[in-house]
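Undergrad: Please find one structure pasted underneath; my questions will follow.
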Amino acid sequence: MRPDIDRYWELKSPIHSWDPRLKILTLAILAFSISSVQRLSTALGCLLISLVLLGLTKIPLSFSLKRLAAVTMFVGPFFIVMPLTIKAQSGDTIYFFSHLTFLEINARGLLLAARVYCKAVSIVLLVVPMFGTNRFDTSIKALEHLKVPNSIVQMLLFSYRYIFVFLAELKRMSLAMQIRKFSPSTNLHTLKTYGNFLGTLLVRSFERAEDVYQAMLSRGYTGTLKTRFEYRMKIADMVKSTLIFVAVLGIIYFDRFFRGF
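Just so it is clear: in the sequence shown, position 91 is 90 by our numbering, and no numbers are missing.
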């Protein structure tokens with residue numbers, strides 16, 4: 000198992016050629032503007048913008064859609080909970096079931112859930128253009144240039160790089176338990192086995208982290224990320240950011256002031 004967010008960083012596209020520092024800053028501002036949207040129509044427009052940016056990267060759509068599974072699992076239940084629990088207001092459309100009169104479905108709750116889902120999908124889709132169009136270490140170094148605290152930068156880098164090592168260790172230990180014919184059930188033996196499993200995993204992870212840290216120190220690690228990539232901001236980069244900022248202003252205007260639909 001290996002990191003794959005930057006699997007397609009070598010492709011050629013307008014997003015790939017965008018200066019990483021300006022790209023991350025610009026798309027982060029766009030993501031924050033999307034999160035503040037209050038109307039479903041504007042949220043749908045934001046989703047369209049994210050899809051256009053995703054299309055410009057030339058990265059396969061299937062690669063990006065895999066990342067929506069977690070969003071759907073988290074936000075999907077809102078389509079059930081919100082129509083049933085949101086407090087009714089004047090003008091709301093309420094649906095009843097003939098045999099379940101106690102069950103009320105508020106149509107406004109469905110619209111609110113749809114708005115939340117569109118916003119969440121729009122922001123998640125922006126992660127691919129933001130971090131998937133450059134090598135991950137280049138993107139992390141760009142965060143340093145943007146004055147993100149070094150402790151956060153280092154935490155992001157090592158969490159992303161070594162979470163896969165942790166998962167590989169977890170997979171090996173799970174396989175070892177299966178080979179030993181372990182069958183989980185609701186008894187004390189299962190609880191003790193899982194306790195030992197988690198304890199061993201924690202110890203092994205700590206030992207692996209110590210080994211990695213000592214190896215990095217021996218290779219001259221000083222707490223800062225070094226990369227050979229040279230950041231060069233071009234006029235085209237400024238034009239791309241300007242277009243996104245125009246989109247941000249359009250989002251704010253249509254969401255806050257435009258009442259045509």
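Don't be surprised by glycine CBs; every beta carbon is placed ideally from N, CA and C.
Note that the structure is a prediction, hence the values are computed from the model and not measured.
Find the nearest neighbour of residue 11 within the set 167, 58, 156 and 135, judged by alpha-carbon distance.
TA: Here residue 11 is taken as the residue at index 12 of the sequence shown, counted from 1. For the residues 167, 58, 156 and 135, the minimum Cα distance to residue 11 belongs to 58.
Undergrad: Between the C-alpha atoms of residue 245 and residue 237, what's the straight-line distance to the nearest angstrom?
TA: For the purposes of this step, residue 245 is identified with residue 246 of the sequence shown, where counting begins at 1. For the purposes of this step, residue 237 is identified with residue 238 of the sequence shown, where counting begins at 1. Going by the C-alpha atoms only, they are around 12 Å apart.
Undergrad: Could you spell out the range, first to last residue, of the alpha helix (DSSP H) harbouring residue 197?
TA: The residue you call residue 197 lines up with position 198 of the sequence shown. Its alpha helix (DSSP H) spans residues 187 to 217.
Undergrad: Label residue 15 either buried or exposed according to how many other C-beta atoms from any shown protein chain fall within 10 Å of its C-beta, with 16 as the threshold for buried.
TA: The sequence position of residue 15 within the sequence shown is 16, counting from 1. Buried: at least 16 other Cβ atoms inside 10 Å.
Undergrad: Indicate the three-state DSSP secondary structure (helix, strand or coil) for residue 149 in the structure shown.
TA: Start at 1 with the first residue of the sequence shown, and residue 149 comes out as number 150. Looking at residue 149 - three-state DSSP - the assignment turns out to be helix.
Undergrad: Going by the beta-carbon positions, is the gap between residue 36 and residue 30 smaller than 8 Å?
TA: Locating residue 36 in the sequence shown gives position 37, where the first residue counts as 1. Locating residue 30 in the sequence shown gives position 31, where the first residue counts as 1. No; because the gap between Cβ atoms is not below 8 Å, this pair is not in contact.
Undergrad: Quick check: the Cα distance between residue 217 and residue 211, rounded to an integer number of angstroms?
TA: For the purposes of this step, residue 217 is taken as residue 218 along the sequence shown, with counting starting at 1. For the purposes of this step, residue 211 is taken as residue 212 along the sequence shown, with counting starting at 1. Whole-angstrom Cα-Cα distance: 10 Å.
Undergrad: Would you kindly check if the distance between the Cβ of residue 137 and the Cβ of residue 62 is under 8 Å?
TA: If you number the sequence shown from 1, residue 62 lands on position 63. If you number the sequence shown from 1, residue 137 lands on position 138. No, the pair does not count as a contact, with Cβ atoms beyond the cut-off.
Undergrad: For the structure I just gave you, are there three or more beta carbon pairs, one from the stretch 110 to 126 and one from the stretch 65 to 76, closer than 8 Å?
TA: Contact between the stretch 110 to 126 and the stretch 65 to 76 is present, because at least three Cβ pairs lie under 8 Å.
Undergrad: In whole angstroms, give me the CA-to-CA distance for residue 26 and residue 85.
TA: Position 27 of the sequence shown, counted from the first residue, corresponds to residue 26. Position 86 of the sequence shown, counted from the first residue, corresponds to residue 85. For residue 26 and residue 85, the distance between alpha carbons rounds to 32 Å.
Undergrad: Quick check on this structure: which residue in 70, 176 and 157 has the alpha carbon closest to the alpha carbon of residue 118?
TA: In the sequence shown, the residue the question calls residue 118 occupies position 119. Nearest of 70, 176 and 157 to residue 118, Cα basis: 70.
Undergrad: Helix, strand or coil for residue 104 per DSSP?
TA: Residue 104 sits at position 105 when you count from the first residue of the sequence shown. Strand, per DSSP.
Undergrad: Would you give the residue range spanned by the alpha helix (DSSP H) that residue 40 belongs to?
TA: The sequence position of residue 40 within the sequence shown is 41, counting from 1. From DSSP, the alpha helix (DSSP H) with residue 40 extends over 39 to 56.
Undergrad: What's the gap between the Cα of residue 193 and the Cα of residue 142?
TA: In the sequence shown, the residue the question calls residue 193 occupies position 194. In the sequence shown, the residue the question calls residue 142 occupies position 143. Going by the C-alpha atoms only, they are around 39 Å apart.
Undergrad: Which of helix, strand or coil does DSSP assign to residue 256?
TA: Walking along the sequence shown from the start, residue 256 turns up at place 257. Residue state, collapsed to three classes: coil.
Undergrad: Please report how far the alpha carbon of residue 254 lies from the alpha carbon of residue 21, in whole angstroms.
TA: Here the question's residue 254 lines up with position 255 in the sequence shown. Here the question's residue 21 lines up with position 22 in the sequence shown. Near 25 Å, if we compare the C-alpha coordinates of residue 21 and residue 254.
Undergrad: Rounded to a whole number of angstroms, what is the C-alpha to C-alpha distance between residue 8 and residue 184?
TA: Your numbering for residue 8 matches position 9 in the sequence shown. Your numbering for residue 184 matches position 185 in the sequence shown. C-alpha separation (whole angstroms): 45 Å.
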